[in-house]
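>
Residue numbers (our numbering): 1332 to 1807.
1) Check whether the region 1659-1673 touches the region 1780-1793, counting contact only when three or more Cβ pairs, one atom from each stretch, lie closer than 8 Å.
2) Would you kindly work out how many angstroms separate the C-alpha atoms of residue 1796 and residue 1682, rounded to a whole number?
3) Just the C-alpha distance for residue 1349 and residue 1367, rounded to the nearest angstrom, thanks.
4) I believe residue 1756 touches residue 1743 by the beta-carbon criterion, under 8 Å. Please report the beta-carbon distance rounded to the nearest angstrom.
5) Helix, strand or coil: how does DSSP classify residue 1591 here?
6) Take residue 1716 as the anchor and find which of 1443, 1689, 1663, 1762 has the nearest alpha-carbon.
7) Going by other Cβ atoms of all chains shown within 10 Å of its Cβ, with 16 needed for buried, is residue 1577 buried or exposed?
8) Is it buried or exposed for residue 1455, if we count other Cβ within 10 angstroms and need 16 for buried?
9) Can you tell me the Cα-Cα spacing of residue 1440 and residue 1489, whole angstroms?
10) Short check: CB of residue 1539 to CB of residue 1526, under 8 Å?
11) Measuring straight from C-alpha to C-alpha, what distance separates residue 1726 and residue 1771?
12) In this structure, how does DSSP classify residue 1633 when only helix, strand and coil are distinguished?
13) Note down, in chain order, each residue of its chain lying with its Cβ closer than 6 Å to the Cβ of residue 1794, except the 5 sequence neighbours on either side.
14) Could you check how far apart the C-beta atoms of residue 1568 and residue 1536 are, in whole angstroms? I think they sit under 8 Å.
15) Mind checking which residues open and close the alpha helix (DSSP H) that includes residue 1397?
16) Go through its chain and collect everything with a Cβ distance to residue 1659's Cβ below 6 Å, but skip five positions before and after it.
17) Do residue 1631 and residue 1686 come within 8 Å of each other at the CB atom, strictly closer than that value?
18) Would residue 1622 pass as a contact of residue 1661 if the rule is Cβ separation under 8 Å?
19) Tell me which same chain residues have a C-beta within less than 7 Å of the C-beta of residue 1453, skipping the five on either side of it?
20) Who are the near neighbours of residue 1421 in its chain, counting only those whose CB is closer than 6 Å to its CB and skipping five residues on each side?
21) Just list the residues that DSSP pairs residue 1562 with in beta bridges.
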(Lines of atoms letter the chains of each structure in order from A and count residues from 1; the text may use other names and numbers.)
(Lines give C-alpha, C1' and ligand atoms only; values in the text may rest on other atoms or scores of the structure.)
Protein backbone atom coordinates (compact mmCIF):
# COMPACT_ATOMS: atom_id res chain seq x y z
CA UNK A 1 0.00 0.00 0.00
CA UNK A 2 1.35 3.44 -0.94
CA UNK A 3 2.36 5.59 2.02
CA UNK A 4 3.15 8.83 0.16
CA UNK A 5 0.79 10.63 -2.24
CA UNK A 6 3.47 10.66 -4.95
CA UNK A 7 3.69 6.86 -4.78
CA UNK A 8 0.12 6.58 -6.03
CA UNK A 9 0.63 8.62 -9.20
CA UNK A 10 1.95 5.81 -11.45
CA UNK A 11 -0.89 3.52 -10.41
CA UNK A 12 -3.53 6.21 -10.96
CA UNK A 13 -2.18 7.07 -14.39
CA UNK A 14 -2.14 3.39 -15.34
CA UNK A 15 -5.75 2.96 -14.20
CA UNK A 16 -6.97 6.00 -16.13
CA UNK A 17 -5.13 4.75 -19.21
CA UNK A 18 -6.54 1.24 -18.80
CA UNK A 19 -10.07 2.63 -18.53
CA UNK A 20 -9.67 4.05 -22.02
CA UNK A 21 -8.91 0.60 -23.42
CA UNK A 22 -11.49 -1.58 -21.69
CA UNK A 23 -15.02 -2.13 -22.87
CA UNK A 24 -18.20 -1.66 -20.90
CA UNK A 25 -21.28 0.50 -21.12
CA UNK A 26 -21.16 4.27 -20.90
CA UNK A 27 -22.70 4.04 -17.44
CA UNK A 28 -20.04 1.61 -16.22
CA UNK A 29 -17.24 3.76 -17.62
CA UNK A 30 -18.73 6.89 -16.04
CA UNK A 31 -18.92 5.12 -12.67
CA UNK A 32 -15.28 4.01 -12.89
CA UNK A 33 -14.10 7.45 -13.99
CA UNK A 34 -16.00 9.04 -11.12
CA UNK A 35 -14.09 6.92 -8.62
CA UNK A 36 -10.75 7.61 -10.29
CA UNK A 37 -11.40 11.35 -10.44
CA UNK A 38 -12.32 11.46 -6.77
CA UNK A 39 -9.20 9.51 -5.78
CA UNK A 40 -6.94 11.61 -8.00
CA UNK A 41 -8.33 14.81 -6.49
CA UNK A 42 -7.60 13.56 -2.97
CA UNK A 43 -4.02 12.60 -3.87
CA UNK A 44 -3.34 15.93 -5.58
CA UNK A 45 -4.70 17.85 -2.58
CA UNK A 46 -2.11 16.08 -0.40
CA UNK A 47 0.68 16.76 -2.90
CA UNK A 48 0.19 20.52 -3.23
CA UNK A 49 1.73 21.47 0.15
CA UNK A 50 4.95 19.74 -0.96
CA UNK A 51 5.29 22.26 -3.80
CA UNK A 52 5.06 25.44 -1.72
CA UNK A 53 8.56 25.63 -0.22
CA UNK A 54 10.67 24.81 -3.26
CA UNK A 55 13.70 26.89 -4.20
CA UNK A 56 14.17 28.03 -7.78
CA UNK A 57 15.02 26.51 -10.15
CA UNK A 58 12.99 23.47 -9.14
CA UNK A 59 15.16 20.29 -8.96
CA UNK A 60 14.94 17.67 -11.69
CA UNK A 61 13.35 15.05 -9.41
CA UNK A 62 10.56 17.42 -8.40
CA UNK A 63 9.98 18.41 -12.01
CA UNK A 64 9.47 14.75 -12.90
CA UNK A 65 6.87 14.55 -10.14
CA UNK A 66 5.14 17.68 -11.44
CA UNK A 67 5.26 16.33 -14.99
CA UNK A 68 3.51 13.17 -13.78
CA UNK A 69 0.84 15.28 -12.05
CA UNK A 70 0.29 17.43 -15.14
CA UNK A 71 -0.03 14.35 -17.34
CA UNK A 72 -2.60 12.84 -14.98
CA UNK A 73 -4.62 16.06 -14.96
CA UNK A 74 -4.52 16.19 -18.76
CA UNK A 75 -5.87 12.65 -18.97
CA UNK A 76 -8.68 13.51 -16.55
CA UNK A 77 -9.53 16.70 -18.46
CA UNK A 78 -9.69 14.80 -21.75
CA UNK A 79 -11.61 11.78 -20.46
CA UNK A 80 -14.25 13.69 -18.50
CA UNK A 81 -14.88 15.94 -21.50
CA UNK A 82 -15.11 12.89 -23.78
CA UNK A 83 -18.08 11.67 -21.73
CA UNK A 84 -20.20 14.33 -23.44
CA UNK A 85 -19.85 12.56 -26.77
CA UNK A 86 -22.75 10.28 -27.53
CA UNK A 87 -24.99 11.58 -24.74
CA UNK A 88 -27.58 12.95 -27.19
CA UNK A 89 -30.63 10.80 -27.10
CA UNK A 90 -29.37 8.81 -24.11
CA UNK A 91 -30.85 8.69 -20.66
CA UNK A 92 -28.54 10.93 -18.64
CA UNK A 93 -30.35 10.61 -15.34
CA UNK A 94 -27.23 8.88 -13.99
CA UNK A 95 -25.49 11.60 -11.91
CA UNK A 96 -22.07 10.32 -13.00
CA UNK A 97 -22.99 11.10 -16.62
CA UNK A 98 -24.39 14.58 -16.04
CA UNK A 99 -23.02 16.97 -18.71
CA UNK A 100 -22.52 19.82 -16.24
CA UNK A 101 -20.41 17.58 -13.97
CA UNK A 102 -18.31 16.33 -16.88
CA UNK A 103 -17.59 19.87 -18.05
CA UNK A 104 -16.95 21.10 -14.51
CA UNK A 105 -14.40 18.34 -13.88
CA UNK A 106 -12.66 18.98 -17.18
CA UNK A 107 -12.41 22.71 -16.44
CA UNK A 108 -11.23 22.05 -12.90
CA UNK A 109 -8.50 19.64 -14.05
CA UNK A 110 -7.24 22.20 -16.58
CA UNK A 111 -7.33 24.98 -13.97
CA UNK A 112 -5.34 22.78 -11.58
CA UNK A 113 -2.85 22.03 -14.34
CA UNK A 114 -2.27 25.74 -14.95
CA UNK A 115 -2.05 26.53 -11.24
CA UNK A 116 0.59 23.84 -10.61
CA UNK A 117 2.66 25.21 -13.50
CA UNK A 118 2.48 28.63 -11.82
CA UNK A 119 3.67 27.06 -8.55
CA UNK A 120 7.03 26.09 -10.03
CA UNK A 121 7.40 29.25 -12.18
CA UNK A 122 7.07 27.17 -15.35
CA UNK A 123 5.25 28.11 -18.57
CA UNK A 124 1.77 26.69 -19.01
CA UNK A 125 1.62 23.28 -20.74
CA UNK A 126 1.17 23.58 -24.49
CA UNK A 127 -2.51 23.75 -25.38
CA UNK A 128 -3.76 24.17 -21.79
CA UNK A 129 -5.12 27.71 -22.15
CA UNK A 130 -6.75 26.98 -25.50
CA UNK A 131 -8.42 23.84 -24.15
CA UNK A 132 -9.65 25.77 -21.10
CA UNK A 133 -11.20 28.46 -23.33
CA UNK A 134 -12.80 25.94 -25.66
CA UNK A 135 -14.18 23.77 -22.85
CA UNK A 136 -15.83 26.83 -21.33
CA UNK A 137 -17.17 27.79 -24.76
CA UNK A 138 -18.80 24.34 -24.89
CA UNK A 139 -20.39 25.00 -21.50
CA UNK A 140 -21.74 28.31 -22.80
CA UNK A 141 -23.09 26.68 -25.95
CA UNK A 142 -24.92 24.09 -23.83
CA UNK A 143 -26.14 26.86 -21.48
CA UNK A 144 -24.39 25.23 -18.54
CA UNK A 145 -21.91 28.00 -17.66
CA UNK A 146 -23.80 29.10 -14.54
CA UNK A 147 -24.75 25.57 -13.46
CA UNK A 148 -23.46 24.23 -10.15
CA UNK A 149 -23.14 20.43 -10.54
CA UNK A 150 -24.40 18.13 -7.84
CA UNK A 151 -21.85 17.83 -5.03
CA UNK A 152 -19.87 20.93 -6.07
CA UNK A 153 -19.81 24.37 -4.45
CA UNK A 154 -19.03 26.49 -7.51
CA UNK A 155 -20.33 26.95 -11.02
CA UNK A 156 -18.45 26.20 -14.22
CA UNK A 157 -18.18 29.94 -14.81
CA UNK A 158 -16.55 30.49 -11.43
CA UNK A 159 -13.97 27.75 -12.08
CA UNK A 160 -13.14 29.30 -15.45
CA UNK A 161 -13.01 32.88 -14.16
CA UNK A 162 -10.80 31.87 -11.22
CA UNK A 163 -8.27 30.31 -13.59
CA UNK A 164 -8.40 33.38 -15.84
CA UNK A 165 -7.88 35.75 -12.91
CA UNK A 166 -4.86 33.80 -11.68
CA UNK A 167 -3.35 34.24 -15.13
CA UNK A 168 -4.15 37.98 -14.99
CA UNK A 169 -2.37 38.27 -11.63
CA UNK A 170 1.03 37.82 -13.33
CA UNK A 171 1.83 34.49 -11.65
CA UNK A 172 5.54 34.81 -12.49
CA UNK A 173 5.58 37.62 -9.91
CA UNK A 174 4.21 35.36 -7.15
CA UNK A 175 5.74 32.87 -4.76
CA UNK A 176 4.24 29.39 -4.60
CA UNK A 177 2.36 30.24 -1.39
CA UNK A 178 0.97 33.38 -3.00
CA UNK A 179 -0.18 31.35 -6.02
CA UNK A 180 -2.10 28.95 -3.77
CA UNK A 181 -3.54 31.85 -1.80
CA UNK A 182 -4.78 33.71 -4.87
CA UNK A 183 -6.17 30.51 -6.37
CA UNK A 184 -8.31 30.10 -3.24
CA UNK A 185 -9.15 33.82 -3.21
CA UNK A 186 -10.33 33.88 -6.81
CA UNK A 187 -12.48 30.78 -6.28
CA UNK A 188 -14.38 32.84 -3.69
CA UNK A 189 -14.57 36.17 -5.52
CA UNK A 190 -14.43 35.32 -9.24
CA UNK A 191 -18.01 36.56 -9.58
CA UNK A 192 -16.74 40.14 -9.42
CA UNK A 193 -15.45 39.92 -13.00
CA UNK A 194 -17.48 42.22 -15.28
CA UNK A 195 -18.03 41.64 -18.98
CA UNK A 196 -17.44 44.90 -20.87
CA UNK A 197 -17.70 46.11 -24.44
CA UNK A 198 -14.66 46.73 -26.59
CA UNK A 199 -15.33 50.48 -26.25
CA UNK A 200 -14.68 50.41 -22.48
CA UNK A 201 -11.24 48.85 -22.65
CA UNK A 202 -9.28 52.02 -21.85
CA UNK A 203 -10.09 51.63 -18.15
CA UNK A 204 -7.50 50.04 -15.81
CA UNK A 205 -7.91 46.32 -15.24
CA UNK A 206 -9.40 45.64 -18.69
CA UNK A 207 -8.44 42.34 -20.35
CA UNK A 208 -9.28 40.43 -23.51
CA UNK A 209 -9.45 36.74 -24.40
CA UNK A 210 -9.11 35.17 -27.82
CA UNK A 211 -10.66 31.69 -27.33
CA UNK A 212 -8.84 30.39 -30.40
CA UNK A 213 -5.38 31.18 -29.02
CA UNK A 214 -3.33 29.22 -26.50
CA UNK A 215 -2.67 32.18 -24.20
CA UNK A 216 -4.00 33.62 -20.98
CA UNK A 217 -6.12 36.76 -20.90
CA UNK A 218 -4.11 39.78 -22.03
CA UNK A 219 -4.24 43.30 -20.61
CA UNK A 220 -5.31 46.07 -22.98
CA UNK A 221 -2.67 48.28 -21.36
CA UNK A 222 0.03 45.94 -22.65
CA UNK A 223 -1.34 44.64 -25.93
CA UNK A 224 -4.35 45.65 -28.00
CA UNK A 225 -6.70 42.96 -29.23
CA UNK A 226 -6.46 42.15 -32.95
CA UNK A 227 -9.33 43.69 -34.88
CA UNK A 228 -9.74 40.66 -37.15
CA UNK A 229 -10.27 38.06 -34.40
CA UNK A 230 -13.38 37.58 -32.23
CA UNK A 231 -12.50 38.22 -28.62
CA UNK A 232 -14.18 38.65 -25.25
CA UNK A 233 -13.50 41.61 -22.93
CA UNK A 234 -13.80 41.82 -19.17
CA UNK A 235 -12.79 44.16 -16.37
CA UNK A 236 -11.23 43.50 -12.96
CA UNK A 237 -12.02 47.04 -11.75
CA UNK A 238 -14.87 45.96 -9.45
CA UNK A 239 -12.66 43.24 -7.99
CA UNK A 240 -9.92 45.85 -7.54
CA UNK A 241 -12.28 48.00 -5.46
CA UNK A 242 -13.14 44.97 -3.33
CA UNK A 243 -9.42 44.27 -2.88
CA UNK A 244 -8.83 47.83 -1.64
CA UNK A 245 -11.67 47.49 0.84
CA UNK A 246 -10.34 44.17 2.12
CA UNK A 247 -6.79 45.53 2.47
CA UNK A 248 -8.15 48.46 4.51
CA UNK A 249 -10.13 46.07 6.72
CA UNK A 250 -7.07 43.88 7.31
CA UNK A 251 -5.02 46.98 8.10
CA UNK A 252 -7.54 48.03 10.74
CA UNK A 253 -7.17 44.69 12.50
CA UNK A 254 -10.10 42.72 11.09
CA UNK A 255 -9.27 38.97 11.11
CA UNK A 256 -9.32 37.50 7.59
CA UNK A 257 -11.87 34.86 8.58
CA UNK A 258 -14.45 37.58 9.34
CA UNK A 259 -14.36 38.84 5.75
CA UNK A 260 -14.27 35.38 4.11
CA UNK A 261 -10.56 35.48 3.28
CA UNK A 262 -8.08 32.59 3.56
CA UNK A 263 -5.85 32.69 6.65
CA UNK A 264 -2.85 33.67 4.52
CA UNK A 265 -4.46 37.09 4.02
CA UNK A 266 -3.50 37.92 7.61
CA UNK A 267 0.24 37.60 6.88
CA UNK A 268 2.47 40.41 5.50
CA UNK A 269 2.83 38.47 2.24
CA UNK A 270 -0.94 38.04 1.93
CA UNK A 271 -1.68 41.72 2.54
CA UNK A 272 1.13 42.67 0.19
CA UNK A 273 -0.11 40.63 -2.76
CA UNK A 274 -3.68 41.89 -2.29
CA UNK A 275 -2.40 45.48 -2.21
CA UNK A 276 -0.36 45.01 -5.38
CA UNK A 277 -3.33 43.53 -7.24
CA UNK A 278 -5.60 46.36 -6.08
CA UNK A 279 -3.15 48.93 -7.39
CA UNK A 280 -2.64 47.07 -10.65
CA UNK A 281 -6.36 46.73 -11.41
CA UNK A 282 -7.58 50.11 -10.13
CA UNK A 283 -4.88 52.49 -11.31
CA UNK A 284 -3.73 53.23 -14.83
CA UNK A 285 -0.10 52.19 -14.96
CA UNK A 286 2.43 52.27 -17.72
CA UNK A 287 6.07 51.42 -18.10
CA UNK A 288 8.17 54.47 -17.21
CA UNK A 289 11.19 53.53 -19.28
CA UNK A 290 11.83 51.66 -22.48
CA UNK A 291 13.86 48.46 -22.21
CA UNK A 292 17.05 47.96 -24.16
CA UNK A 293 18.22 44.52 -25.21
CA UNK A 294 21.63 43.65 -23.83
CA UNK A 295 24.00 40.72 -23.62
CA UNK A 296 26.66 41.18 -20.97
CA UNK A 297 27.49 39.47 -17.72
CA UNK A 298 27.01 40.61 -14.17
CA UNK A 299 27.19 39.11 -10.69
CA UNK A 300 24.35 38.80 -8.20
CA UNK A 301 24.00 38.12 -4.53
CA UNK A 302 20.64 36.43 -4.02
CA UNK A 303 20.87 35.34 -0.39
CA UNK A 304 18.39 37.84 1.04
CA UNK A 305 18.82 40.48 3.73
CA UNK A 306 21.47 38.70 5.80
CA UNK A 307 23.77 38.13 2.84
CA UNK A 308 23.29 41.65 1.49
CA UNK A 309 23.95 43.04 4.97
CA UNK A 310 27.29 41.21 5.07
CA UNK A 311 28.13 42.35 1.56
CA UNK A 312 27.40 46.01 2.28
CA UNK A 313 29.16 45.93 5.65
CA UNK A 314 32.36 44.16 4.62
CA UNK A 315 32.50 45.17 0.99
CA UNK A 316 34.07 41.77 0.43
CA UNK A 317 32.35 39.58 -2.12
CA UNK A 318 34.34 36.58 -0.91
CA UNK A 319 32.27 36.50 2.30
CA UNK A 320 29.02 35.73 0.45
CA UNK A 321 27.89 33.42 -2.32
CA UNK A 322 27.80 35.09 -5.73
CA UNK A 323 26.49 33.79 -9.02
CA UNK A 324 27.05 34.83 -12.62
CA UNK A 325 24.16 36.08 -14.76
CA UNK A 326 23.60 37.44 -18.25
CA UNK A 327 21.71 40.73 -18.53
CA UNK A 328 19.26 40.25 -21.40
CA UNK A 329 17.63 43.67 -21.21
CA UNK A 330 17.78 46.71 -18.99
CA UNK A 331 16.19 50.05 -18.27
CA UNK A 332 17.04 52.81 -15.77
CA UNK A 333 14.93 51.08 -13.11
CA UNK A 334 15.77 47.42 -13.58
CA UNK A 335 17.11 44.39 -15.40
CA UNK A 336 16.06 41.07 -16.85
CA UNK A 337 18.77 38.50 -16.15
CA UNK A 338 19.40 34.84 -16.98
CA UNK A 339 21.42 32.52 -14.75
CA UNK A 340 24.76 31.37 -16.15
CA UNK A 341 26.71 29.75 -13.32
CA UNK A 342 27.20 29.64 -9.56
CA UNK A 343 25.01 28.82 -6.58
CA UNK A 344 21.80 30.80 -6.48
CA UNK A 345 21.01 30.58 -2.78
CA UNK A 346 17.62 31.03 -1.12
CA UNK A 347 16.08 32.86 -4.05
CA UNK A 348 12.41 33.81 -4.03
CA UNK A 349 10.23 36.31 -5.83
CA UNK A 350 9.82 39.30 -3.52
CA UNK A 351 13.24 38.93 -1.89
CA UNK A 352 16.08 41.43 -2.24
CA UNK A 353 19.20 40.90 -4.32
CA UNK A 354 22.36 42.89 -5.01
CA UNK A 355 23.76 43.56 -8.48
CA UNK A 356 27.10 44.99 -9.51
CA UNK A 357 27.75 45.76 -13.15
CA UNK A 358 30.90 46.85 -14.98
CA UNK A 359 33.39 48.79 -12.86
CA UNK A 360 30.83 49.91 -10.26
CA UNK A 361 32.06 49.77 -6.67
CA UNK A 362 28.65 49.89 -5.03
CA UNK A 363 26.11 47.10 -5.10
CA UNK A 364 22.71 48.10 -6.43
CA UNK A 365 19.89 46.87 -4.21
CA UNK A 366 17.03 45.28 -6.14
CA UNK A 367 13.85 43.36 -5.45
CA UNK A 368 13.09 40.22 -7.47
CA UNK A 369 9.86 41.03 -9.31
CA UNK A 370 9.37 37.85 -11.35
CA UNK A 371 10.95 34.50 -12.08
CA UNK A 372 10.55 32.03 -14.96
CA UNK A 373 12.12 28.57 -15.07
CA UNK A 374 11.50 26.27 -18.04
CA UNK A 375 13.80 23.47 -16.83
CA UNK A 376 16.23 22.71 -13.96
CA UNK A 377 19.08 24.47 -15.78
CA UNK A 378 17.10 27.57 -16.75
CA UNK A 379 16.16 30.56 -14.59
CA UNK A 380 15.33 34.13 -15.58
CA UNK A 381 14.61 36.97 -13.18
CA UNK A 382 13.15 40.44 -13.39
CA UNK A 383 14.89 42.85 -11.01
CA UNK A 384 13.65 46.30 -9.99
CA UNK A 385 16.32 48.66 -8.68
CA UNK A 386 15.42 50.07 -5.26
CA UNK A 387 18.61 52.05 -4.61
CA UNK A 388 22.15 52.42 -5.99
CA UNK A 389 23.58 51.36 -2.62
CA UNK A 390 22.58 50.45 0.93
CA UNK A 391 23.80 51.15 4.45
CA UNK A 392 23.79 48.10 6.76
CA UNK A 393 22.37 48.73 10.22
CA UNK A 394 21.03 46.98 13.30
CA UNK A 395 17.49 47.64 14.42
CA UNK A 396 16.97 47.61 18.19
CA UNK A 397 13.57 47.48 19.84
CA UNK A 398 14.23 48.37 23.49
CA UNK A 399 10.58 48.44 24.54
CA UNK A 400 9.66 45.01 23.19
CA UNK A 401 11.31 42.92 25.90
CA UNK A 402 14.04 43.00 28.52
CA UNK A 403 16.25 40.91 26.23
CA UNK A 404 16.84 43.50 23.53
CA UNK A 405 16.77 42.10 20.02
CA UNK A 406 18.88 43.38 17.15
CA UNK A 407 17.72 42.79 13.60
CA UNK A 408 19.87 43.16 10.51
CA UNK A 409 18.33 45.76 8.23
CA UNK A 410 19.26 47.83 5.19
CA UNK A 411 18.83 51.59 4.89
CA UNK A 412 18.25 52.80 1.34
CA UNK A 413 19.04 56.48 0.68
CA UNK A 414 16.73 59.07 -0.83
CA UNK A 415 16.75 59.41 -4.60
CA UNK A 416 16.32 63.03 -5.80
CA UNK A 417 13.26 63.58 -8.02
CA UNK A 418 12.05 60.03 -7.35
CA UNK A 419 11.89 59.44 -3.61
CA UNK A 420 12.20 62.06 -0.88
CA UNK A 421 12.44 59.69 2.09
CA UNK A 422 14.78 56.91 3.09
CA UNK A 423 13.62 53.31 3.01
CA UNK A 424 14.18 50.60 5.59
CA UNK A 425 14.28 46.98 4.42
CA UNK A 426 13.48 44.44 7.14
CA UNK A 427 12.65 40.74 7.15
CA UNK A 428 8.95 40.07 6.62
CA UNK A 429 7.03 39.83 9.89
CA UNK A 430 9.95 41.07 11.99
CA UNK A 431 8.10 44.20 13.11
CA UNK A 432 4.67 44.38 14.66
CA UNK A 433 2.10 46.95 13.59
CA UNK A 434 2.77 48.79 16.84
CA UNK A 435 6.49 49.22 16.06
CA UNK A 436 6.36 52.85 15.00
CA UNK A 437 9.32 54.17 17.00
CA UNK A 438 12.55 52.44 16.02
CA UNK A 439 16.20 52.63 17.04
CA UNK A 440 18.92 52.16 14.42
CA UNK A 441 22.56 51.38 15.19
CA UNK A 442 24.89 52.23 12.31
CA UNK A 443 28.55 51.33 12.36
CA UNK A 444 30.57 53.06 9.67
CA UNK A 445 33.69 55.10 10.52
CA UNK A 446 32.01 55.86 13.84
CA UNK A 447 29.18 54.25 15.74
CA UNK A 448 25.95 56.22 15.54
CA UNK A 449 22.48 55.70 16.97
CA UNK A 450 19.40 57.13 15.28
CA UNK A 451 15.81 57.27 16.45
CA UNK A 452 13.44 56.94 13.52
CA UNK A 453 9.77 56.37 12.90
CA UNK A 454 7.95 54.56 10.15
CA UNK A 455 5.87 56.80 7.90
CA UNK A 456 4.20 54.03 5.94
CA UNK A 457 4.70 50.56 4.56
CA UNK A 458 5.76 50.89 0.94
CA UNK A 459 5.69 47.18 0.20
CA UNK A 460 5.19 43.80 1.82
CA UNK A 461 6.26 40.46 0.36
CA UNK A 462 6.82 37.01 1.78
CA UNK A 463 10.51 37.85 2.31
CA UNK A 464 10.80 41.55 3.16
CA UNK A 465 8.91 44.63 4.24
CA UNK A 466 9.99 48.01 2.90
CA UNK A 467 9.15 51.03 5.07
CA UNK A 468 9.46 54.75 4.43
CA UNK A 469 11.22 56.29 7.45
CA UNK A 470 12.11 59.71 8.85
CA UNK A 471 13.90 60.98 12.00
CA UNK A 472 11.79 60.74 15.15
CA UNK A 473 11.66 64.20 16.69
CA UNK A 474 8.73 63.57 19.00
CA UNK A 475 10.88 63.96 22.13
CA UNK A 476 12.50 67.21 21.02
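The C-beta atom is built at its ideal place from N, Cα and C for all residues, glycine as well.
Here the structure is a predicted model, which means the values were calculated and not measured.
The structure says:
1) No contact exists between the region 1659-1673 and the region 1780-1793.
2) The straight-line gap from Cα to Cα measures roughly 9 Å.
3) Between residue 1349 and residue 1367, the C-alpha separation is close to 11 Å.
4) Confirmed, Cβ separation roughly 7 Å.
5) Looking at residue 1591 - three-state DSSP - the assignment turns out to be coil, as it is neither helix nor strand.
6) Comparing Cα-Cα distances from residue 1716 to each of 1443, 1689, 1663, 1762, the minimum goes to 1663.
7) Under this definition residue 1577 is a buried residue.
8) Residue 1455 is classed as buried because its beta carbon has at least 16 other beta carbons within 10 Å across all chains shown.
9) One C-alpha to the other measures close to 14 Å.
10) With respect to residue 1526, residue 1539 sits apart: the two C-beta atoms are not nearer than 8 Å.
11) Cα to Cα, the separation comes out at about 5 Å.
12) Looking at residue 1633 - three-state DSSP - the assignment turns out to be coil, as it is neither helix nor strand.
13) A distance below 6 Å between beta-carbons, with the five flanking residues on each side excluded, links residue 1794 to the following residues of its chain, in chain order: 1679, 1681, 1682, 1759.
14) The pair is a contact, with the Cβ atoms about 5 Å apart (cut-off 8 Å).
15) That run of the alpha helix (DSSP H) goes 1391-1413.
16) Excluding sequence neighbours, residue 1659 sits near 1667, 1669.
17) Contact: yes.
18) Between residue 1622 and residue 1661, the gap from beta carbon to beta carbon is short of 8 Å.
19) Cβ neighbours of residue 1453 beyond the five flanking positions: 1704, 1705.
20) Low per-residue confidence applies at residue 1421: pLDDT is 47, beneath 50, and the placement is therefore not dependable, though the value from the model is reported in the following sentence. Excluding sequence positions up to five before and after residue 1421, its CB lies less than 6 Å from no other CB in the same chain.
21) According to the DSSP secondary-structure assignment, residue 1562 is paired through a beta bridge with no residue.
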